[in-house]
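Beneath this line is the structure, given in structure tokens, with notes to follow.
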Amino acid sequence: MRRFFTTNFLIVAFVIAISSTPAQKPNGNAARSTPTSSPVKLALPLKDGSLRFAVIGDTGTGSSKQHEVAEMMARYRAAFPFEFVLMMGDNLYGGETPRDYEKKFSEPYKKLLDAKVKFYASLGNHDLALQVNYQNFNMDGKEYYRFKKGNAAFYALNSNYMEKKQVEWLQNELAKDTSEWKVCFFHHSPYSSARKHGSDTQLREVVEPIFVKYGVDVVLTGHDHVYERIKPQKGIYYFVSGAGGRLRSGDIRASALTDKAFDRDLHFILFEVTGDQMHFQTISRTGETVDAGVIVRDRN
Amino acid sequence: MKQRIEHSQNHYLRVAGICLFMTISSVAVAQQNATPSLAPPPVTSPAEKAAIQAFENQVKDYVKLRNKVRKHAPKLSKDSTPEQIHAYRTTLEESLRAARKGAKRGDLFMPEIAAYIRRTLKNEFKGKDRKDIRDIVFETELQGVVLRVNNPYAQSAELSEMPATLLAKLPQLPTEVRYRFVGTKLILVDRDSNAIIDFMPQALP
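Keeping their order, the protein sequence lines are chains E and S. When you read off a place in the first sequence, starting at 1, and then add 1, the result is the number in my numbering. When you read off a place in the second sequence, starting at 1, and then add 20, the result is the number in my numbering.
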């Protein structure tokens, strides 16, 4: 009798044990499941003909959480077909072998790459210069470059090495730029309330006067692994978006600079430009909208 | 009547000349003030000029050698694959190492230029920006960074941001060569291969 119950107990325990094992994919990795199956909640106008893009920063970990952010981006893209993605640097952490490129970039963003979404990268302090030659970073072989989409011009800068010729290039290009919107993106943040790095005042001293003089509207940066929307500084909107793959939880020390901050999870940002308005929505890894709003360009 | 007209013409010419002079002066001042923090340091002594010239010549020689060696590396384009980038970088690194066998610390950072750089950087560290510059340079995490001339900078290590104001004060380099701080040391690295060309200790105060 005792043997009967013992044997059956073991059988039942065994059955419970094997049914709790995570599902295995053919390649042996545990299945990656998105954290939530909550519906996509778009807070953007989705107007015909608008310019749509996404922003991510400090992504290059290859972690499951980076994959989850990428998956959430793909889900949102189904509702909001953005055309391209801006990368704030630290695109690959810890090495740049061909396998690193796969693991930390082309595998996580495979769905977007397959959908022909273009990525435009800038260099972070974990990135080697030769990334400028990578076909899928679309850097045109340059550490700093410009491209135009619709009524907006985008300037990628290399804030690791802000030498005089880059500064002169930026001044010259902005001086002749008649685009309605001017957006600069690079790694180090002129304004940031994060504890680890914070505002890069040295960089600010050099670039801010140029941005103000030539009417830059929006500056996107990374480096601090948080999200922060800075209150407009001299008419310019700054966003810190450095938690696309790496997070420093609790790192924000909200200051007089902060309009909105989020440091509890990874995130990405969606932007939509319609005429004189630039709408944005910041979405967490789990699909929560952590910030949304609109920037209205002053026509004067 | 003729005298009055000539007098008027001279007057207008004088006014135009003054306006032109003022315009040129204000443009020159505006350009100078556009990024005053990026103005190069004044080089005052012939010895300093000679040190800088010698350093620039050494760097040019390095670049000549490097570009000669680079011809044998696989070609790279703006649309390269990771495999092509990797092949290029490793070939260049290995070729440069072989071509610079025997390279040692101080080959480029000779005593005179090292002293000039230390003095220049010490001047930049004065004043209210000192803390900001130190924060930028010294926040870089440097575990695993071993400095050996003619060997690569650790790929897994992060790179220090070069403060723009300091960059502007150092002797200017060609595109192929970069400065980088590793703690208080200043290193020269090859932009593409990431090989350490030379380094000097205690560059920063």
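Quick reminder that beta carbons are idealized off the backbone N, C-alpha and C, glycines included.
Range covered by the alpha helix (DSSP H) that runs through residue i
i	result
Thr222 (chain E)	First-last for Thr222 (chain E): Val219 to Thr222, but that is the beta strand (DSSP E), not the alpha helix (DSSP H).
Leu114 (chain E)	Lys111 to Asp115
Leu162 (chain S)	That residue, Leu162 (chain S), is in no alpha helix (DSSP H); it is neither H nor E in DSSP.
Leu116 (chain S)	Pro102 to Ala119
His68 (chain E)	Ser65 to Ala80
Ala184 (chain S)	Ala184 to Lys189
Asp81 (chain S)	Pro66 to Arg90
Ala134 (chain S)	Pro131 to Glu144
Ala176 (chain E)	Lys165 to Ala176
Boundaries (first-last residue) of the beta strand (DSSP E) holding residue i
i	result
Tyr228 (chain E)	Tyr228 to Ile231
Thr283 (chain E)	Gln278 to Ser285
Tyr94 (chain E)	Segment: none, Tyr94 (chain E) is in no beta strand (DSSP E) and carries neither H nor E.
Thr290 (chain E)	Thr290 to Val297
Asp141 (chain E)	Careful: Asp141 (chain E) lies outside any beta strand (DSSP E) and carries neither H nor E.
Leu204 (chain E)	Here Leu204 (chain E) belongs to no beta strand (DSSP E); instead the alpha helix (DSSP H) covers Thr202 to Lys214.
Leu147 (chain E)	Strictly speaking, residue 147 (chain E) in this sequence is Arg, with Leu absent from that position. Unbroken beta strand (DSSP E) run through Arg147 (chain E): Tyr146 to Lys150.
Phe120 (chain E)	Lys119 to Ala122
Phe219 (chain S)	Ile216 to Met220
Tyr239 (chain E)	Tyr238 to Ser242
Glu273 (chain E)	His268 to Thr275
Whether residue i touches residue j by CB criterion (8 Å)
i	j	result
Ile57 (chain E)	Gly245 (chain E)	yes
Val176 (chain E)	Tyr146 (chain E)	One point to set straight first is that residue 176 (chain E) is Ala, not Val, in the sequence displayed. No, the Cβ-Cβ distance between Ala176 (chain E) and Tyr146 (chain E) is not below 8 Å.
Leu224 (chain S)	Val202 (chain S)	no
Gln136 (chain E)	Ala122 (chain E)	no
Pro99 (chain E)	Pro102 (chain S)	yes
Thr259 (chain E)	Ser194 (chain E)	yes
Lys119 (chain E)	Asn139 (chain E)	yes
Gly90 (chain E)	Gly63 (chain E)	no
His226 (chain E)	Leu204 (chain E)	no
7 Å Cβ cut-off: residues of chain S touching residue i
i	result
Ala176 (chain E)	None at all; the shortest Cβ gap to chain S is about 11 Å.
Arg141 (chain E)	The question names Arg, yet the displayed sequence has Asp at residue 141 (chain E). Near Asp141 (chain E) (Cβ distances below 7 Å), the residues of chain S are Lys98.
His68 (chain E)	Going along chain S, no residue has its Cβ under 7 Å from His68 (chain E), so there is no contact; the nearest lies around 19 Å.
Gly95 (chain E)	Ser176
His189 (chain E)	Glu181
Residues of its chain near residue i, where Cβ-Cβ distance is below 8 Å and the 5 sequence neighbours each way are ignored
i	result
Tyr162 (chain E)	Glu144
Lys42 (chain E)	Gly288 and Thr290
His268 (chain E)	Val70, Tyr228, Ser242, Ala244, Gly245, Thr283, Ile284, Ser285, Arg286 and Val291
Trp182 (chain E)	Asn152, Ala153, Ala154, Asp218, Val219, Val274, Met279 and Arg298
Leu128 (chain S)	Phe75, Gln78, Val79, Tyr82, Leu208, Ile217 and Asp218
Within chain E, partners of residue i - CB distance below 7 Å
i	result
Val99 (chain S)	The residue asked about is misnamed: residue 99 (chain S) is Asp in this sequence, not Val. Result: Gln136.
Arg198 (chain S)	Tyr162
Pro102 (chain S)	Pro99, Tyr102 and Tyr135
Asp152 (chain S)	Thr202 and Gln203
Glu159 (chain S)	His198
Alpha-carbon spacing of residue i relative to residue j, whole angstroms
i	j	result
Ala55 (chain E)	Val89 (chain S)	41 Å
Ala59 (chain S)	Phe263 (chain E)	39 Å
Ser115 (chain S)	Arg86 (chain S)	9 Å
Pro233 (chain E)	Ile156 (chain S)	24 Å
Gln52 (chain S)	Gly199 (chain E)	Below a pLDDT of 50, predicted positions are generally treated as unreliable, and Gln52 (chain S), at 41, falls in that range; no measurement from the model is reported.
Asn134 (chain E)	Ile105 (chain S)	7 Å
Ala75 (chain E)	Glu76 (chain S)	50 Å
Pro191 (chain E)	Glu103 (chain E)	31 Å
Ser180 (chain S)	Asp49 (chain E)	44 Å
Thr160 (chain S)	His224 (chain E)	12 Å
Glu169 (chain E)	Lys95 (chain S)	29 Å
Phe81 (chain E)	His188 (chain E)	26 Å
Thr142 (chain S)	Arg154 (chain S)	One point to set straight first is that residue 142 (chain S) is Lys, not Thr, in the sequence displayed. Their backbone Cα atoms lie some 12 Å apart in a straight line.
Asp299 (chain E)	Asn170 (chain S)	53 Å
Glu97 (chain E)	Gly142 (chain E)	17 Å
Ala50 (chain S)	Leu186 (chain S)	Summary for Ala50 (chain S): the model assigns pLDDT 41, below 50, so the residue's position carries little reliability, and this model does not support an answer.
Ala255 (chain E)	Arg196 (chain E)	10 Å
Lys261 (chain E)	Pro40 (chain E)	24 Å
Arg265 (chain E)	His68 (chain E)	17 Å
Ser100 (chain S)	Ala119 (chain S)	26 Å
Neighbourhood of residue i by C-beta distance below 6 Å, restricted to the same chain and skipping five residues each side
i	result
Lys150 (chain E)	Leu52
Leu93 (chain E)	Gly61, Asp101 and Lys105
Pro109 (chain E)	Gln67, His68 and Ala71
Same chain, Cβ closer than 7 Å to residue i, five either side skipped, listed in chain order
i	result
Leu206 (chain S)	Ile137, Tyr199, Phe219, Met220 and Ala223
Cys185 (chain E)	Tyr156, Leu158, Phe212, Val217 and Val220
Val209 (chain S)	Tyr173, Arg198, Arg200, Ala215, Ile216 and Ile217
Ala44 (chain E)	Gln282, Thr290 and Ala293
Glu68 (chain S)	Tyr136
Thr43 (chain S)	Because Thr43 (chain S) sits at a pLDDT of 46, beneath the cut-off of 50, its placement in the model cannot be relied upon, and the following sentence gives the value as read from the coordinates. The answer is none, since no qualifying residue turns up.
Amino acids of chain E, ordered along the chain, whose beta-carbon sits closer than 8 Å to that of residue i
i	result
Ala215 (chain S)	In chain order: nothing, as chain E lies at least about 12 Å away.
Ala188 (chain S)	Glu164 and Lys165
Thr185 (chain S)	Gln203, Glu206 and Val207
Ile133 (chain S)	Residues of chain E passing the Cβ test: none, with the nearest at roughly 19 Å.
Per-residue contacts from residue i into chain S (C-beta, under 9 Å)
i	result
Ala130 (chain E)	Arg198, Arg211, Asp212 and Asn214
Thr179 (chain E)	Near Thr179 (chain E) there are no residues of chain S at all, since even the closest Cβ is about 20 Å away, more than 9 Å.
Per-residue contacts from residue i into chain S (C-beta, under 8 Å)
i	result
His127 (chain E)	Glu178 and Leu179
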